[in-house]
Amino acid sequence: MNLDPRLEVFTKHRTVRKYKAQPLEDGHLEQILYCAQHAPTDATAQMYSFIRLSGDTKIKIAELTKNAHIASAPEAFLICADVHRLQLLLEHKGYEFGSWSAVAIHFGIGDAVLAGQTMLHAAECLGYQGCWIGGVLSALEDIVDLCQLPHGVLPFAGLTIGIPDEAPNQRPRIQPELVLHENTYRIASASELETALNRMASITARGDWAQSLARYFAKGGTMETREISLKAVLEQQGFTHVENSTNALFARAEAAGYPEILIRRKAEGFQAWVDRPDRAHGGEGAAPQAALEQAVLEAERDSSS
Ligand SMILES: Cc1cc2nc3c(=O)[nH]c(=O)nc-3n(C[C@H](O)[C@H](O)[C@H](O)COP(=O)(O)O)c2cc1C
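Numbering (my numbering), first residue to last: 1 to 305.
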């Protein structure tokens, strides 16, 4: 690919896991942080935090995530979704915090990824290299404890930065036609899938990308284990619909003074009603729970007005 010279920095990106034992140049970290903080942020809310790791904590996190290079990287961070600070800001001004745990995942992870990748890109512009560490998912509960992350803060990944002490080749990507769709989603053909697998073959020593993906994502792969702990930590840190389980929605409707509930299937989706003798509130949704949640929200608004 012939890239415009202005895009040259993008050809320099390599995930690097070996670093020289030299700190970042004076003033560089502040500048990298300045760039990261100027990444776009949804609703101006800045729902992310960076935890800079040092000393024993850094070593422990290298062990917990099984990414030894965290310990030897001059700089290492946890890149976290953070709705805790937003809650503090609102409560500080007397507002009651809303109930939007699924939206919190969307905003928090989106903001964290944008800021984290901007941090890495800024570092790369200064000649450093780094590595994202999804390995945090292997030890989420321990990391939350170790770094004392409050309710509303969820580590997305780690990120290391340093002066590279290895020079890996640029790693391949699947063909662009598979990632760029026009207006509607185009499903890849079998021969395109084969091409993608061939393009990616060199990413593993055995030349078998599918086998490497399968170790993570196929039945019995590591992601099934991660799924269990991620769900537990999502719940613990307040990023799930647990409070919107059907039982909880019944309880909320009752607490708002609506003891009767009706849910029915419509031609498309579901409709729910919460009733009391003098009035009712309805909601619609693709799933019964979504319809009920909307009805309960209306009932709660009504009973608090
Ligand atoms: C979210 C995320 C998590 C990752 N987690 C790890 C990790 O835990 N350990 C690691 O060594 N590399 C990790 N990587 C690096 C990828 O393996 C690397 O980006 C990929 O192989 C492509 O190589 P490249 O970045 O040099 O193009 C991660 C990358 C991303 C974006």
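Every residue gets a Cβ at the ideal spot worked out from N, C-alpha and C, and that includes glycine.
Option nearest residue i by Cα separation, candidates the options
i	options	result
Glu254	Thr240, Pro277 and Ala267	Pro277
Leu78	Trp100, Ile187, Tyr95 and Ser54	Ser54
Ala43	Leu193, Ala196, His106 and Lys58	His106
Val113	Gly130, Ile61 and Pro40	Pro40
Ala210	Leu193, Glu235, Pro5 and Met223	Leu193
Asp142	Glu166, Asn247 and Ala62	Ala62
His38	Ser72, Asp4, Glu25 and Ala122	Ala122
Thr246	Met223, Asn169 and Gln294	Gln294
Lys266	Val274, Phe250, Ala287 and Asp275	Ala287
Asp302	Ala291, Leu292 and Arg279	Arg279
Lys20	Lys93, Tyr128 and Ala218	Tyr128
His28	Glu177, Asp275 and Met119	Met119
Val144	Tyr95, Val179 and Ala232	Ala232
Leu249	Val296, Ile203 and Gln22	Val296
Leu24	Ala214, Pro168, Pro164 and Leu178	Pro164
Residue i, DSSP secondary structure in three states
i	result
Ala68	coil
Ile163	coil
Val274	strand
His306	The question about residue 306 has no answer here: the residues shown for the chain are numbered 1 through 305.
Arg186	coil
Ala286	coil
Tyr95	coil
Ile59	helix
Val233	helix
Thr204	coil
Phe50	strand
Thr195	helix
Ala255	helix
Val16	coil
Pro23	coil
Cys125	helix
Cys147	coil
Gly221	coil
C-beta contact flag for residue i and residue j at 7 Å
i	j	result
Leu154	Phe239	yes
Ala272	Ile263	yes
Ala157	Gly134	yes
Ala76	Thr160	yes
Gly269	Gly285	yes
Ile174	Arg206	no
Ala115	Leu86	no
Cys147	Ile51	yes
Ala73	Gly162	yes
Glu166	Lys58	no
Ser49	Cys80	yes
Val83	Gly110	no
Tyr258	Ala291	no
Gln237	His181	no
Tyr216	Thr225	no
Ligand 1 heavy atom lying under 6 Å from the CB of residue i
i	result
Cys80	no
Ile261	no
Arg14	yes
Ala272	no
Ile174	no
Ala157	yes
Arg171	yes
Arg135	What sits at residue 135 in the sequence shown is Gly, not Arg. For ligand 1, at least one heavy atom lies less than 6 Å from the Cβ of Gly135.
Cys131	yes
Asn247	no
Asn198	no
Asn2	no
Asn183	no
Hey, is the segment 136-145 in contact with the segment 57-68, meaning 3+ C-beta pairs nearer than 8 Å? The segment 136-145 vs the segment 57-68: in contact.
Quick one: any contact between the segment 16-34 and the segment 179-192, if contact means 3 or more CB pairs under 8 Å? These segments do not touch.
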